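Those protein sequence lines, which keep their order, are chains A and B. Note that this note's numbering gives residue 331 to position 329 of the first sequence, counting from 1, and the numbers run on in steps of one. Note that this note's numbering gives residue 1312 to position 357 of the second sequence, counting from 1, and the numbers run on in steps of one. C-beta: ideal position from N, C-alpha, C; glycine also. None of the values given here were measured: they were computed from a predicted structure. Note sheet for the following structure.
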Amino acid sequence: MQSEKQSNSPIKKILQSISDASLVPFLAILTAVVLGGLIIRFVGGDPFLAYKGLIQGSFGSTKALSETAVWATPYIFAGLAVALAFKGGLFNIGAEGQLAVGAVFSALIGYALPEWLGFDLPIYIHLPLAILVGMLTGGIWAAIVGVLKAYTGGHEVINTIMMNYIALNTTSFLLNGVMKDRSPTNVIARTPLIADSARLPAIFDGLRIHWGFVLALLVAFLIWWLLNKTTLGFEIRTVGLNPDAAQYAGINVKRTIIITMLLSGMLAGLAGSIEVTGLNYRHELGFSVGYGFDAIAIALLGKSHPLGIVLASFLFAAMRNGATRMQFLTQMPVDLISMIQALILLFVAADAIVRYIYRIKSKGERVVLTRGWGG
Amino acid sequence: MDWKRFGFIALIITVLFGVVVMVGQVKQPPLLIITSMLATTIAVATPLTLGALSGVYCERAGVVNIGIEGMMLTAAFFGWLGAIYMFHIFGLAAGISIALGVFFAIITGGLMALLHAMLSITFKVDQIIGGTVINILAIGLTGFLNRQLFFGKGSVFGGSVPSSPGVLPTIHIPITELFTSICGSSEVCLQNVQAINRVFDQKPIAMGAILLVFLSHYILFNTKWGLRTRAVGEHPKAADTVGINVSKMRYANVVIGGMFAGLAGAYFTIESVPSFEPMLTNGRGFISLAAMIFGNWTPIGAWAAALVFGASQALLINMQIYRDVIPPNWAFLQESYIVGLTPYILTMFILTGIIGKTTPPAADGVPYEK
């Protein structure tokens, strides 16, 4: 048994003061990795070889690094989307749907606009337009839920999930119908390729890492600035902490809720847009499955702080990217990664468990993330 | 449940049935269409009904549970897996394997709920986050095991999914037999009686769900246990003062709720179809929550709301059956993706509160601090 005395030892004190913010997430990851290793052992694999494969596959070469950054790009955008909503006291489970809607509309502008106009557009008009439309449609998709929340009290958790299914059905309808790639050999539900003038260029020749990654880092900084240095950011945070107090202080709570959802959806839409314009050059059904839930885990792991989200996105991206190498080395299915990620999320969300295991005292602050049905 | 809301439910169900009768009447007599719609509605509403009951138990005790989706998914997987193991590895008879499968599903649901209870009651984690963790964990766990156990290295099943011992049988209620003498030699009479009989010929979980609705209503509003449950959900402080153990009551109700979600899971892989696929619950756990809210946290109200969603799903199924006779003006009914939107749009519409606001238990989602 650990005693009171031990938890007051100088080392622990220093550890605590260095970074109370990153200690718990770090220990959560550690615990999940150890548990994941035990699971690998249990199903007959070699945990060390598996983790070696994971690291090799994600950081072992220039190409691996580039691929990790490619994976991290949508994670950063979508993680920011969920985090921004958290700051405003809203839980956006709908990043998945907003991302799909953004991707579909970006693709539409990307392949169809030159046809409609009858002439080719220069890249400095076409590309920003494609990204902007994807961003805005994603934003509107989420803002609908914001309006419902502000004016009727319909809970955003259920409504964003419903909007996910509506987005899934609608995009399936479009990609199997009017927007389907009509090239004679195609049988897949996907759009045609977007025009060259709507594509984000790669940063280096021969690697897939594109300027969308740089944009993601820029946007992360922008969100930090928005939340901490602007009036709007202050309003969002105040409504998130205590809507009644915000109302009393003269903040328009309804408007702030709608704007928060709009911005959150725009970030998720941007994730979809960038995947289309920077990586896939088209939207294909089912490419985004799982981003929405991963984004929640990333936002929680990053403690809703933009820098934390960038780091958490890299971790998740590295795991996804390295999984193929791991599977090659140990025959462990890629799905194992989802399992370990779920465990990380469990320990991050329930930081009380981590604090209990490692005997870390809580600073006593409780962050309100979401609200019950009462509104 | 007030009359306004029951009226709305009746209206929507009438409209959905009306559409199917309108389209299908060139092929089948209306009575046959209505009874077959009704039979489908009751069957497909089963997981929603049980999911909503699960929510009622949890939330009446003051614990928000958005992890029902994940509990259903995990239970569906382990119930099905258990049935397969019993059948192929332990060599039990198909019937016994299936019955044990249902049992495993219920236990799985209970265990997942126990995790949720620990997170939200003992560790006081934000309950909506806790529920989300359950959902994500469920997807990871079932996805991984589904791949690993059947296709992984050293799998006992040799790299393929073995045949499941089957599904639960339909229980025949002998209404037709009862009416044979009354109908005499009238062919039409007998046909009608047979059509009506189809509504009552359901599978065990579907039938059980309806019994559980009324049983839960009785427990919640007519027993000491129910009173205590509602007390810890409305005013835990007061309940504590009169000597009710708040966390014990909450633990118990969350686990009971999880077992209901487990039974709902069994519906998917043991009653409906004998197979599992990743993420097969497809949002029905969340729709259950909407049913619970629209039913104002009462078992009977939640059941009525679940039937609306069941009817909208039955509409989708029937539109595929009558695909070739849909009139050209109604061509959009051919598009399964568009008709499939009905339950989701209905959910959002209901949550606006236009049909009357509902009130959650006062302490719903609030951890109890002494």
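Please list the terminal residues of the continuous alpha helix (DSSP H) segment that includes residue 1142 of chain B. 1142–1155 is the span of the alpha helix (DSSP H), which, as asked, contains residue 1142 of chain B.
Beta-carbon within less than 8 Å of residue 1271 of chain B's beta-carbon, same chain only, minus the 5 sequence neighbours each way: which residues are those? Closer than 8 Å at the Cβ level, and outside the excluded window around residue 1271 of chain B, lie 1291, 1294, 1295, 1297.
Closest by CA to residue 1256 of chain B, which one among B:1105, B:1313, B:983? Among B:1105, B:1313, B:983, the Cα nearest to that of residue 1256 of chain B is on B:1313.
Segment limits, alpha helix (DSSP H) that includes residue 1123 of chain B: Element bounds for residue 1123 of chain B: n/a, residue is neither H nor E.
Quick check: is the beta carbon of residue 1107 of chain B nearer than 9 Å to any beta carbon in chain A? For residue 1107 of chain B, the answer is yes, since a Cβ of chain A falls inside 9 Å of its Cβ.
Contact criterion: CB-CB distance below 9 Å. Does residue 342 of chain A meet it with respect to chain B? At least one chain B Cβ lies under 9 Å of residue 342 of chain A.
Counting only Cβ-Cβ distances shorter than 7 Å, please list the residues of the stretch 320–337 of chain A near chain B, keeping chain order. Listed by position, the residues of the stretch 320–337 of chain A near chain B (Cβ gap below 7 Å) are 333, 335, 337.
If you reduce the DSSP assignment to three classes, tell me which class residue 66 of chain A lands in. DSSP places residue 66 of chain A within a helical segment (H, G or I) once states are collapsed to three.
Residue 161 of chain A touches chain B at which residues, Cβ-Cβ below 7 Å? Listed by position along chain B, the residues whose Cβ is nearer than 7 Å to that of residue 161 of chain A are 1303, 1306.
Proximal chain B residues relative to residue 355 of chain A, where beta-carbon distance stays under 7 Å: Simply 1078.
Is the shortest distance between the beta-carbon of residue 1241 of chain B and the beta-carbons of chain A less than 9 Å? Residue 1241 of chain B has a beta carbon lying within less than 9 Å of a beta carbon in chain A.
Do you know how far the Cα of residue 127 of chain A is from the Cα of residue 1020 of chain B? So the two alpha carbons sit approximately 47 Å from each other.
At 7 Å on the CB atoms, spell out the chain B contacts of residue 174 of chain A, in chain order. In chain order: 1292.
If you count every other CB in all the chains shown that lies within 10 Å of the CB of residue 377 of chain A, and 16 or more means buried, which is it? Model confidence at residue 377 of chain A stands at a pLDDT of 41, short of 50, so the residue's coordinates are unreliable and nothing is read from them.
Output yes or no for whether 9 Å exceeds the beta carbon distance between residue 109 of chain A and residue 285 of chain A. Cβ atoms of residue 109 of chain A and residue 285 of chain A: closer than 9 Å.
Hey, out of A:332, A:349, A:360, whose CA is closest to residue 56 of chain A's CA? Closest option to residue 56 of chain A, Cα to Cα, is A:332.
Is the stretch 1253–1268 of chain B touching the stretch 1140–1154 of chain B, taking contact as three or more C-beta pairs under 8 Å? The answer is no - the stretch 1140–1154 of chain B does not touch the stretch 1253–1268 of chain B, with fewer than three Cβ pairs under 8 Å.
Any idea if residue 223 of chain A is buried or exposed, counting beta-carbon neighbours within 10 angstroms, 16 or more meaning buried? Exposed, because fewer than 16 other Cβ atoms sit within 10 Å of the Cβ of residue 223 of chain A.
Going by the CB atoms, is the gap between residue 1224 of chain B and residue 1230 of chain B shorter than 9 Å? Less than 9 Å divides the Cβ of residue 1230 of chain B from the Cβ of residue 1224 of chain B.
The stretch 997–1012 of chain B contacting the stretch 1210–1225 of chain B, beta-carbon criterion three pairs below 8 Å: The answer is yes - the stretch 1210–1225 of chain B touches the stretch 997–1012 of chain B, with three or more Cβ pairs under 8 Å.
Could you check where the alpha helix (DSSP H) with residue 143 of chain A kicks off and where it finishes? Its alpha helix (DSSP H) spans residues 125–154.
Evaluate residue 963 of chain B with the Cβ neighbour count: other Cβ atoms within 10 Å of its Cβ, from every protein chain shown; 16 or more gives buried, anything less gives exposed. Buried.
With 16 other Cβ atoms within 10 Å as the buried cut-off, status of residue 47 of chain A: Buried: at least 16 other Cβ atoms inside 10 Å.
Name, in chain order, the residues that DSSP records as bridge partners for residue 1102 of chain B. Per DSSP, none; premise fails for residue 1102 of chain B.
Under 9 Å (Cβ pairs) to chain A, residues found in the stretch 1099–1126 of chain B: Taking 9 Å as the Cβ-Cβ cut-off against chain A, the residues of the stretch 1099–1126 of chain B that qualify are 1099, 1100, 1101, 1102, 1103, 1104, 1106, 1107, 1108, 1109.
Residue-chain proximity (residue 310 of chain A, chain B), Cβ-Cβ < 9 Å: Chain B, which has no Cβ nearer than 9 Å to the Cβ of residue 310 of chain A, makes this no.
Could you give the C-beta distance for residue 346 of chain A and residue 303 of chain A, rounded to a whole number, given that I count them as a contact under 8 Å? Rounded to the nearest angstrom, the Cβ distance from residue 346 of chain A to residue 303 of chain A is 7 Å, consistent with a contact under 8 Å.
Neighbouring residues, chain B, relative to residue 45 of chain A (Cβ below 7 Å): By Cβ distance, chain B contributes 1103, 1107.
Just checking my contact of residue 1 of chain A with residue 30 of chain A at CB under 8 Å: how many whole Å lie between their CB atoms? Any answer about residue 1 of chain A is impossible in this case: the structure gives chain A only from 3 up to 377.
Within 10 angstroms of the Cβ of residue 157 of chain A, are there 16 or more other Cβ atoms? Answer buried if so, exposed if not. In the assembly as shown, residue 157 of chain A is a buried residue. Its beta-carbon has 16 or more other beta-carbons within 10 Å.
Can you tell me whether residue 1275 of chain B is buried or exposed, with buried defined as 16 or more other CB within 10 angstroms of its CB? Taking a 10 Å sphere around the C-beta of residue 1275 of chain B, we find fewer than 16 other C-beta atoms and assign the residue as exposed.
In terms of DSSP beta bridges, what is residue 286 of chain A paired with? Its beta-bridge partners are A:192.
Chain-ordered chain B contacts of residue 167 of chain A [CB-CB under 7 Å]: Simply 1238, 1299.
Considering only their Cβ atoms, is the gap separating residue 77 of chain A from residue 351 of chain A smaller than 9 Å? Taking 9 Å as the Cβ cut-off, residue 351 of chain A and residue 77 of chain A do not qualify as a contacting pair.
Label residue 307 of chain A either buried or exposed according to how many other C-beta atoms from any shown protein chain fall within 10 Å of its C-beta, with 16 as the threshold for buried. It counts as buried.
Report the neighbours of residue 128 of chain A on chain B: residues whose CB is nearer than 9 Å to its CB, in chain order. By Cβ distance, chain B contributes nothing, its closest Cβ being about 30 Å from residue 128 of chain A, past 9 Å.
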